[in-house]
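Residue numbers (the working numbering): 1 to 756. Glycine included, each C-beta is placed from N, C-alpha and C at the ideal position. All remarks here apply to the structure that follows.
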């Protein structure tokens, strides 16, 4: 930014078009809280198993045969054989229950039960002794089988947790067969008793609920059988010679079919569980029953997400035709809005699950950028390093879909061949993958071995020092990528290896070390639903996103300690006043010249649209003589104008203000010399007022910088409100206990309150 006068930023006509990400409000916060409480599939299977073990045995005996666990002390002495049987049954039980004849349920329905027995004796030519004997036999069989089913479910859960998919499949199958057989035996051996019991007003609900519980057992076991069978098949292929012949697509299609079938079973289980009357559930199991009812819908939705994920991967893999992608290596040591400076690029073609071509320009991104003939003015802050905008600086917008579209636009102008998608990754991803592959031997081509400890230094040293000698400073990246892919294939031999790789990729996506964009609208929508698209999110309450762009500040961002402190003060009338303090510390003096320089960052603070500035301090202005001006008459970029709208610069505060992506944006430079610190403080009033006359809520969504170093990127929050207000719900971190939150992911805080 060259001038300190008011005219250096001519007003621009705002474009009403804005792009928004996902909507997050307090309901999302509560939903997230509940989903996090819900256990995983294996944990809920075990809880379900514990529940079935107790409730089914109790239901069969108490509701059908008049026995109960509550009054076992009143029952007379059992025969030696009966005592031995019960001891055997309870020894393996997770919840041990004995049986008596004087239960609460029995006492409640005595008159009806007596009438039913008399009716049965009159209508059915069966003796009392035969009837009782048959009932006892059915009860014993059902109890023993239910216990076996429970044991199989628990064993299956344990096998899944240890990634023993073959054993899990065997145990799930056994549980399914047991529950199915139990249900069938009850229906065939006591069909008449069940029919009459269903017709009686005091027993119909209990009997129907018991049957529905058995259905839950059958369906959960079936879902587990289907999934574990598919996972076992995939695990068996891992590292085998057959893997290459089978290919990725058939494996994914098989998984998709299995997930679809498992989801149908979960839907039925969810429906059956909803038909169970809570009134029949013993008090000691009500909490578990409630947890199960909450978990089943969550499991069903999770399977839906898995289904969508597989469909998305199949599309990206080129099952609908050949796809072309740009892979951008973003160097987060030189931070940029979407994760880092784009130093290297790869053009990848895939078709029907196979990579058909990989092209890594040996000169990196500049091999592509050098072919652009069209000139447009660079964004004003970027004119500190370049007068013209080009593909290497196209990731200027923090909202990644727009940056990706801009990259694709430049690429199309240069090559006349737009791509179908764009993926970015940082050095952190390479380091995580090297933890799996181990060292990569590149001595034949480059005389070095790449490890977790030296990968960044080796790549950066060659990029910085060898470009003057050869235009192929980035050639090593292509060779390294090919070697790592080969090594990964060699290392994937067991299910645990697959899980480790999946966890590395998941963490990289969740922490925004990888970002993804697809031109196909449906696939892009799916990426957004997974929160992998690097979007600015929308909320109806408080929001802050501090975004950094290193401009002419060397490769210094790994040496920067960043702390953002957000304080919200709610007045008695419901108005909200925020203070955001940004503290940067250049904490290390090193011998690498590209790190031993001041960090110069253009910092944009995104807050709720319509927020009004109260005060600001700390922004600086670089030396005007450092700017590189475009030639007179060079057009401004139409996409930039459309996104930023009117930009107003205040020469006194060295800060620009404008609106983009549905946010008010405050922007300015922070310059931090080696060994020193810089601080910016912003105070502003939010555009909304809380309803202090009723129950209302305040929430704060804080988005993280893609490609950041989480352990060096710290968030602190605090909220102050009148002491007379009652808080009905809150996230503890919002009260400002002084805890530092490393920004691995976006953070959402909130509270629900009312005025006393």
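- Secondary structure remark: continuous alpha helix (DSSP H) runs of at least 4 residues inside the region 477 to 530, in chain order: 495 to 510, 521 to 529.
- Its chain contains 375, 376, 377, 378, 630, 634 as the residues whose beta carbon lies nearer than 8 Å to that of residue 388, once the 5 sequence neighbours on both sides are disregarded; these appear in chain order.
- Between the alpha carbons of residue 689 and residue 752 lies a distance of about 14 Å.
- Residue 269 and residue 213 do not touch by the CB rule: their CB atoms are close to 10 Å apart, not below 8 Å.
- In the three-state reduction of the DSSP assignment, residue 301 falls in the helix class.
- Remark: fewer than three beta-carbon pairs, one from each stretch, lie closer than 8 Å, so the region 300 to 320 and the region 674 to 683 are not flagged as touching.
- Here residue 728 is exposed. Its C-beta has fewer than 16 other C-beta atoms within 10 Å.
- Contact annotation: residue 747 and residue 692 have beta-carbon atoms that are not nearer than 7 Å.
- Burial check for residue 503: the Cβ neighbour count within 10 Å stays below 16, so the residue is exposed.
- In this structure, residue 367 lies away from residue 318, with their beta-carbon atoms at least 7 Å apart.
- Within the region 415 to 464, the runs of beta strand (DSSP E) at least 3 residues long that lie entirely inside it are, in chain order, 421 to 425, 440 to 442, 448 to 450.
- Scanning its chain for C-beta atoms nearer than 6 Å, with the 5 sequence neighbours on each side dropped, one finds around residue 432 the residues 504, in chain order.
- With a cut-off of 8 Å on Cβ pairs, the region 402 to 409 is not in contact with the region 574 to 593, counting fewer than three such pairs.
- Residue 444 sits exposed, since fewer than 16 C-beta atoms from the chains shown fall within 10 Å of its C-beta.
- By the neighbour-count criterion, in which a residue is buried when 16 or more other Cβ atoms sit within 10 angstroms of its Cβ, residue 506 is exposed.
- Judged by DSSP secondary structure, residue 325 falls within the beta strand (DSSP E) whose first and last residues are 323 to 331.
- Under DSSP, residue 601 takes part in a beta bridge, and its partners are 550, 670.
- In the DSSP assignment, the residues bridged to residue 617 are 681.
- Per DSSP, reduced to three states, the secondary structure at residue 545 is strand.
- Distance from the CA atom of residue 415 to the CA atom of residue 224, rounded to whole angstroms, is 49 Å.
- In the structure shown, the three-state DSSP call for residue 351 is strand.
- Rounded to the nearest angstrom, the Cβ distance from residue 542 to residue 686 is 6 Å, consistent with a contact under 8 Å.
- Secondary structure at residue 577: strand, using DSSP grouped into helix, strand and coil.
- By the C-beta density criterion, residue 706 is buried, having at least 16 other C-beta atoms within 10 angstroms.
- The residue from 670, 591, 723, 600 with its alpha-carbon nearest to that of residue 569 is 723.
- Residue 305 has its alpha-carbon roughly 38 Å from the corresponding atom of residue 601.
- Check the Cα spacing between residue 417 and each of 664, 398, 266, 348: the tightest is with 348.
- Membership of residue 593 in any alpha helix (DSSP H) is not indicated, and neither H nor E is assigned to it by DSSP.
- Contact between residue 608 and residue 664 holds: CB atoms are separated by about 7 Å, below the 8 Å threshold.
- Under the three-state reduction of DSSP, residue 267 is assigned to helix.
- Residue 668 and residue 251 have their C-alpha atoms roughly 50 Å apart.
- Exposed is the label assigned to residue 286, since fewer than 16 other Cβ atoms lie within 10 Å of its Cβ.
- With respect to the 7 Å criterion, residue 216 and residue 255 are not classified as neighbours on the basis of their beta carbons.
- Secondary structure note for residue 564: its beta strand (DSSP E) is the uninterrupted segment 560 to 570.
- It is roughly 39 Å from the alpha-carbon of residue 538 to the alpha-carbon of residue 596.
- Taking residue 611 as reference, the option from 322, 544, 298 with the minimal CA-CA separation is 544.
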